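> Numbering (mature numbering (1 follows the signal peptide of the UniProt record, and there is no 0)), first residue to last: -16 to -1, 1 to 285.
We put the CB at the ideal spot given by N, CA and C, even for glycine.
Here the structure is a predicted model, which means the values were calculated and not measured.
Take a look at the following structure, please.
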């Protein structure tokens, strides 16, 4: 009787256990569902127009790579030192470091679909001023396009040449180098300059450092200041470590302010916006590097 009860209990327990799938069932193929990557459709390569020949394309690609190199170091300097860095305080004052770091990050990581570089001079500015215009933003004629004129290919230098040939940040051109010039041109395009948020506020080195010293709210999104800072940080940290080539540390002179158009903090405190206007050919001062803004304003350095 006891044996019968035990066998009955064991049978009931076995019946309650789940069945084990056969080997064939376990080895059957199964479907894996994959969602599209979160960044599907991202453009990661710089867009260079077919109008650029192979030599122009190569120089532009190298220049854009150097723009990323320059921006990468500028951001790294800020991430390391914040606004305690003397170089930072020279160009951005006491402003929190987050905005300037973000302005460089968009150069490093921004989607490349927002910028097209072309060489065919569709607006005629390069041909009209061959000795003055190194390029220009097309404005409403092409909101995500900038033209690189032939003058760029004969006048631009590489980052390895910073601090050579008598160059210093204070008196030298912020657009002398491919990297810094293309940072400036990228900021003119809405995808990189936030539709004019990053723009020219103070003018020239003297105007930039004066605006920073006087606490301009625009210092960390001033296109010129972002270029000057990137150049000086790279020179000080990479090219000539601990020394750089900042130029004289004497106070800003009245002559320097006049040369920058007197655009210090007063001018820098006024926020400007981009308005639609044709990128028309206008008279350019001889011997200067000029381009047009989206509102048709001529800007020369």
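Looking at residue 103 and the ligand FAD, is the gap between the Cβ and the nearest heavy atom below 6 Å?
Among the ligands in the structure shown, none appear at all, so the ligand FAD cannot be discussed.
> Where are the alpha helix (DSSP H) runs, 4 residues long or more, that stay fully inside the region 140 to 182, in chain order?
Complete alpha helix (DSSP H) runs here, min 4: 162 to 172 and 174 to 177.
> Would DSSP call residue 64 helix, strand or coil?
Reading the chain shown from its first residue, position 80 is the one you call residue 64. Reduced to three states, the DSSP call for residue 64 is helix.
> Using the Cβ count rule (16 or more neighbours within 10 Å means buried), how would you classify residue 22?
As a first step, residue 22 is located in the chain shown; it is residue number 38 there, counting from the start. By the neighbour-count rule (16 or more Cβ atoms within 10 Å), residue 22 is not buried but exposed.
> Leaving out the 5 sequence neighbours to the left and right, which residues in its chain are closer than 6 Å to residue 172 when beta-carbon positions are compared?
For the purposes of this step, residue 172 is taken as residue 188 along the chain shown, with counting starting at 1. Cβ neighbours of residue 172 beyond the five flanking positions: 121.
> Excluding the 5 residues flanking residue 246 on each side, which residues of the same chain have their C-beta closer than 7 Å to its C-beta?
Working through the chain shown from its first residue, we reach residue 246 at position 262. Below a pLDDT of 50, predicted positions are generally treated as unreliable, and residue 246, at 46, falls in that range; the measurement from the model is reported next regardless. None.
> Return the chain-ordered list of same chain residues with a C-beta closer than 7 Å to the C-beta of residue 83, the five sequence neighbours on each side being excluded.
Numbered from 1 along the chain shown, position 99 holds the residue referred to as residue 83. Closer than 7 Å at the Cβ level, and outside the excluded window around residue 83, lie 204 and 205.
> Suppose you measure from the CA of residue 90 to the CA of residue 104; what does that come to, to the nearest Å?
Numbered from 1 along the chain shown, position 106 holds the residue referred to as residue 90. Numbered from 1 along the chain shown, position 120 holds the residue referred to as residue 104. Whole-angstrom Cα-Cα distance: 27 Å.
> Could you say which of 146, 148 and 164 lies nearest to residue 136 if we only look at CA atoms?
To locate residue 136, count along the chain shown from 1; it is residue 152. Comparing Cα positions, the closest option is 164.
> Run the CB neighbour count on residue 107, radius 10 Å, all protein chains shown included, and call it buried at 16 or more, exposed below.
Indexing the chain shown from 1 puts residue 107 at position 123. So residue 107 ends up on the buried side.
> How about residue 320 and residue 153: do their beta carbons lie closer than 7 Å?
Lying outside -16 to 285, the shown extent of the chain, residue 320 is not represented and no answer is given.
> Are at least three pairs of beta-carbons, each pair with one atom in the region 223 to 243 and one in the region 137 to 148, less than 8 Å apart?
In short, these stretches touch, since the Cβ pair count reaches three.
> Which whole-angstrom value describes the C-beta separation of residue 59 and residue 85, a residue pair presumed to lie in contact below a C-beta threshold of 8 Å?
By one-based count along the chain shown, residue 59 stands at place 75. By one-based count along the chain shown, residue 85 stands at place 101. 5 Å between Cβ atoms; contact.
> Taking all protein chains shown into account, do 16 or more other C-beta atoms lie within 10 angstroms of the C-beta of residue 109, making it buried, or fewer, making it exposed?
As a working mapping, residue 109 is identified with position 125 in the chain shown. Buried, by the Cβ-count rule.
> Check this for me: beta carbons of residue 76 and residue 178, under 7 Å apart or not?
On the chain shown, position 92 is the one that residue 76 refers to. On the chain shown, position 194 is the one that residue 178 refers to. Result no, Cβ atoms of residue 76 and residue 178 do not sit closer than 7 Å.
> To the nearest angstrom, report how far apart residue 112 and residue 47 are at their CA atoms.
What you label residue 112 is simply residue 128 of the chain shown in a count that begins at 1. What you label residue 47 is simply residue 63 of the chain shown in a count that begins at 1. Using only the alpha carbons, I get a separation of about 25 Å.
> What does the Cβ neighbour count give for residue 166, buried or exposed, with the cut at 16 atoms within 10 Å?
Position 182 of the chain shown, counted from the start, is the residue given in the question as residue 166. Under this definition residue 166 is a buried residue.
> Using a threshold of 7 Å, state whether the C-beta atoms of residue 44 and residue 101 are closer than that.
Counted from its first residue, the chain shown places residue 44 at position 60. Counted from its first residue, the chain shown places residue 101 at position 117. Going by C-beta atoms, residue 44 is nearer than 7 Å to residue 101.
> My output table needs one value for residue 131: the three-state DSSP class, helix, strand or coil.
The sequence position of residue 131 within the chain shown is 147, counting from 1. Correct three-state label for residue 131: strand.
> Going by DSSP in three states, residue 122 sits in which element: helix, strand or coil?
Stepping through the chain shown from its first residue, residue 122 is reached at position 138. Reduced to three states, the DSSP call for residue 122 is coil.
> Measuring alpha carbon to alpha carbon, tell me which of 133, 50 and 240 ends up nearest residue 314.
Outside the displayed range of the chain (-16 to 285) lies residue 314, so it cannot be described from this structure.
> Tell me which residue opens and which closes the alpha helix (DSSP H) that residue 113 is part of.
The residue labelled residue 113 in the question sits at position 129 within the chain shown. Taken as a continuous stretch (DSSP letters only), residue 113 belongs to no alpha helix (DSSP H), as it is neither H nor E.
> Answer yes or no: do residue 66 and residue 81 have a C-beta to C-beta separation smaller than 7 Å?
Within the chain shown, numbered from 1, the residue matching residue 66 stands at position 82. Within the chain shown, numbered from 1, the residue matching residue 81 stands at position 97. Yes, the Cβ-Cβ distance between residue 66 and residue 81 is below 7 Å.
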